[in-house]
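Below: the structure, in structure tokens.
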Amino acid sequence: DGRRWRALAGYDPCASDYTEAYFNRPDVQHALHANVTKIPYPWTHCSDNITFWRDAPTSILPIIKKLIAAGQRVWVFSGDTDGRVPVTATRYSLRKLGLNIKQDWTPWYTDKHQ
Numbered sequence: 001d002g003r004r005w006r007a008l009a010g011y012d013p014c015a016s017d018y019t020e021a022y023f024n025r026p027d028v029q030h031a032l033h034a035n036v037t038k039i040p041y042p043w044t045h046c047s048d049n050i051t052f053w054r055d056a057p058t059s060i061l062p063i064i065k066k067l068i069a070a071g072q073r074v075w076v077f078s079g080d081t082d083g084r085v086p087v088t089a090t091r092y093s094l095r096k097l098g099l100n101i102k103q104d105w106t107p108w109y110t111d112k113h114q
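This is how it looks when you write it as structure tokens:
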């Protein structure tokens, strides 16, 4: 649409709006092989469907291990400013899985800025 998007300095309070809109797009869900069961509610950052999950396991690492052993590809991600699952916890969890590292972690850049 011809608009120019500028990188905002610091925290963008609308970031969750952007990611919710993005992850609920049918083309994105198709590309990520997500929502294949057609759940009747949109993806959100924080959902009562998960918040009130009473029988949640203390760790999902055994489940991830089982999926990988069965040949399933598992996509694990977290943001560098994610307050609920910081990148340090993600790295620790992945290390606990004992997987082979194919590529070291690297900083990511947009428009040549870190």
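For the sequence shown, position 8 matches number 8 in this note's numbering, and the numbering has no gaps at all. C-beta: ideal position from N, C-alpha, C; glycine also.
Check whether residue i and residue j have beta carbons under 9 Å apart
i	j	result
I68	L94	no
T90	F77	yes
Rounded distance between the beta-carbons of residue j and residue i, thought under 8 Å
i	j	result
E20	T37	With a Cβ gap of about 19 Å, E20 and T37 do not count as contacting.
I64	V74	6 Å
N24	P13	Not a contact, Cβ separation roughly 19 Å.
Cβ neighbour criterion (16 or more within 10 Å) applied to residue i
i	result
S16	exposed
P40	exposed
L99	exposed
Residue i: CB within 8 Å of a non-hydrogen atom of the ligand GTP
i	result
D12	Ligands displayed in this structure: none; no statement on the ligand GTP is therefore possible.
The alpha helix (DSSP H) enclosing residue i, as first and last residue numbers
i	result
V28	P26 to A31
K65	L61 to A69
V87	V87 to L97
A15	A15 to F23
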